[in-house]
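Protein chains in written order, with my numbering: chain A, 28 to 141; chain B, 5 to 120.
Notes to accompany the following structure.
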């Protein structure tokens, strides 16, 4: 069974640009969550999608948005990039997004904002 | 508010020895889950073990076991027979059972290095 895949793996952007990250969950998983990991703030929950609907959202500005498609693939978009957006962005999938469901993480996209 | 504390920023262990990584938590939720993840230098978070707050027995998964002491609010990870491939960052996390992963909180992590 294929794991969670994320593309691209590395990305370099400049301030003010926007970026779109992609995540393909494990087949059959309907919940996709996104996390931001930085040395200063650690791992923080961004949002969760289930059946094409954003079900939960973390404490991030509106520049961070996402969507989920009918095949459960998800994209995350960050507009008007800031230096502080440099981070490892991790996507995780689970069957239904219940806490007792195991979350499987992808390898992450490392975003550098110059 | 909930909080996870991992007091060991870094640890060394000899290959084939057992090691315990500490995790304490604080929450007002009566029902919650506790998790441990491993993050190698490649970046991917790998799920290791889960413990539900109402589970009577400590969780075990192969060489990993979770020493759950509810009254002390601790959920230490024990790795038996350490291997060189166990060198990585280890994160403890928790989430209340209500609300999905929105309220998940991660600790700051412990960097484990296994010495040959």
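Note that beta-carbon positions come from the ideal geometry of N, C-alpha and C, so glycine has one too.
As the structure is a prediction and not an experimental result, all values here were calculated from the model.
Original post:
Does DSSP put residue 107 of chain B in a helix, in a strand, or in coil?
Top reply: In the second chain, counting from the first residue as 1, residue 107 of chain B sits at position 103. Correct three-state label for residue 107 of chain B: helix.
Subject >> Rounded separation between residue 10 of chain B and residue 26 of chain B - CA only >> reply: As a first step, residue 10 of chain B must be located in the second chain, where it is residue number 6. As a first step, residue 26 of chain B must be located in the second chain, where it is residue number 22. It is roughly 6 Å from the alpha-carbon of residue 10 of chain B to the alpha-carbon of residue 26 of chain B.
Subject >> Where residue 60 of chain A meets chain B, residues with beta-carbon distance less than 8 Å >> reply: Position 33 of the first chain, counting from 1, holds the residue named residue 60 of chain A. Neighbours of residue 60 of chain A on chain B, chain order: 105.
Original post:
Any chance the region 94 to 104 of chain A sits against the region 29 to 43 of chain A, with 3 or more Cβ pairs inside 8 Å?
Top reply: With contact defined as three or more Cβ pairs closer than 8 Å, the region 94 to 104 of chain A and the region 29 to 43 of chain A are not in contact.
**OP:** For residue 132 of chain A, go through chain B and note every residue whose CB falls closer than 8 Å to its CB, in chain order.
**Re:** For the purposes of this step, residue 132 of chain A is taken as the residue at position 105 of the first chain. Result: 41, 48, 49, 50 and 51.
**OP:** Could you work out which residues of chain A lie near residue 112 of chain B, taking near to mean beta carbons separated by less than 7 Å?
**Re:** The residue you call residue 112 of chain B lines up with position 108 of the second chain. Ordered by position in chain A, the residues that pass the 7 Å Cβ test against residue 112 of chain B are 69.
**OP:** Return yes when the Cβ of residue 117 of chain A is within less than 8 Å of the Cβ of residue 49 of chain B, no when it is not.
**Re:** On the second chain, residue 49 of chain B is found 45 positions in, with the first residue counted as 1. On the first chain, residue 117 of chain A is found 90 positions in, with the first residue counted as 1. Against a cut-off of 8 Å, the Cβ pair of residue 117 of chain A and residue 49 of chain B comes out as a contact.
Original post:
If we ignore side chains and look at the alpha-carbon of each, how far apart do residue 46 of chain A and residue 135 of chain A end up?
Top reply: In the first chain, the residue the question calls residue 46 of chain A occupies position 19. In the first chain, the residue the question calls residue 135 of chain A occupies position 108. Distance between the alpha carbons of residue 46 of chain A and residue 135 of chain A is about 14 Å.
Subject >> Stretch-stretch touch, CB-based, cutoff 8 Å, three pairs: the region 97 to 109 of chain B with the region 27 to 39 of chain B >> reply: Taking a cut-off of 8 Å on C-beta distances, the region 97 to 109 of chain B touches the region 27 to 39 of chain B, as three or more cross pairs fall below it.
Original post:
In three-state DSSP terms, what is residue 88 of chain B?
Top reply: Residue numbering aside, residue 88 of chain B sits at position 84 when the second chain is read from its first letter. Residue 88 of chain B: helix per DSSP, three-state reduction.
Subject >> Limits of the unbroken beta strand (DSSP E) element including residue 82 of chain A >> reply: Reading the first chain from its first residue, position 55 is the one you call residue 82 of chain A. First-last of the beta strand (DSSP E) with residue 82 of chain A: 80 to 84.
Original post:
Roughly how far, in whole angstroms, is the beta-carbon of residue 68 of chain A from the beta-carbon of residue 85 of chain A, given that I think they are within contact range, below 8 Å?
Top reply: Taking the first residue of the first chain as position 1, residue 68 of chain A is located at position 41. Taking the first residue of the first chain as position 1, residue 85 of chain A is located at position 58. 11 Å between Cβ atoms; not a contact.
Original post:
Taking Cβ positions only, does residue 72 of chain A come closer than 8 Å to chain B?
Top reply: Taking the first chain and counting its residues from 1, one reaches residue 72 of chain A at position 45. Output row for residue 72 of chain A: interface = yes.
Original post:
Under three-state DSSP, which class holds residue 111 of chain A?
Top reply: Position 84 of the first chain, counting from 1, holds the residue named residue 111 of chain A. DSSP places residue 111 of chain A in helix when its eight states are reduced to three.
Subject >> Residues bridged to residue 100 of chain B (per DSSP) >> reply: Walking along the second chain from the start, residue 100 of chain B turns up at place 96. B:36.
**OP:** List the endpoints of the continuous beta strand (DSSP E) containing residue 103 of chain A.
**Re:** In the first chain, counting from the first residue as 1, residue 103 of chain A sits at position 76. For residue 103 of chain A, the enclosing beta strand (DSSP E) has its first and last residue at 101 to 105.
**OP:** Pull up the DSSP beta-bridge partners for residue 137 of chain A, would you.
**Re:** Counting from 1 along the first chain, the entry for residue 137 of chain A is found at position 110. Note: residue 137 of chain A sits in a beta bridge opposite A:37 and A:115.
Subject >> DSSP state of residue 21 of chain B mapped onto helix, strand, coil >> reply: By 1-based counting over the second chain, the position of residue 21 of chain B is 17. In this structure, residue 21 of chain B counts as coil in the three-state DSSP scheme.
**OP:** Starting from residue 54 of chain A, follow the beta strand (DSSP E) in both directions and report where the run begins and ends.
**Re:** Against the first chain, residue 54 of chain A aligns to sequence position 27. Counting along the chain, residue 54 of chain A sits inside no beta strand (DSSP E), nor does DSSP assign it H or E at all.
**OP:** Measure the alpha-carbon distance for residue 44 of chain B versus residue 128 of chain A and round it to whole angstroms.
**Re:** The sequence position of residue 44 of chain B within the second chain is 40, counting from 1. The sequence position of residue 128 of chain A within the first chain is 101, counting from 1. Residue 44 of chain B and residue 128 of chain A have their C-alpha atoms spaced approximately 22 Å apart.
Original post:
So which of A:49, A:115, A:56 and A:90 has the shortest CA-CA distance to residue 43 of chain A?
Top reply: The residue you call residue 43 of chain A lines up with position 16 of the first chain. Out of A:49, A:115, A:56 and A:90, A:90 has the C-alpha closest to the C-alpha of residue 43 of chain A.
Original post:
Of the choices A:133, A:124 and A:36, whose alpha-carbon is the least far from that of residue 58 of chain A?
Top reply: Residue numbering aside, residue 58 of chain A sits at position 31 when the first chain is read from its first letter. When only C-alpha atoms are compared, the closest one is A:124.
**OP:** Examine chain B for any beta-carbon lying closer than 8 Å to the beta-carbon of residue 4 of chain A, and answer yes or no.
**Re:** The structure shown has nothing for residue 4 of chain A, since chain A only spans 28 to 141.
Original post:
Is DSSP giving residue 26 of chain B helix, strand or coil here?
Top reply: For this step, residue 26 of chain B is matched to residue 22 along the second chain. In this structure, residue 26 of chain B counts as coil in the three-state DSSP scheme.
Subject >> Cβ shell of residue 139 of chain A (< 6 Å), same chain only, five flanking positions each side left out >> reply: Against the first chain, residue 139 of chain A aligns to sequence position 112. Hits under 6 Å: 39 and 113.
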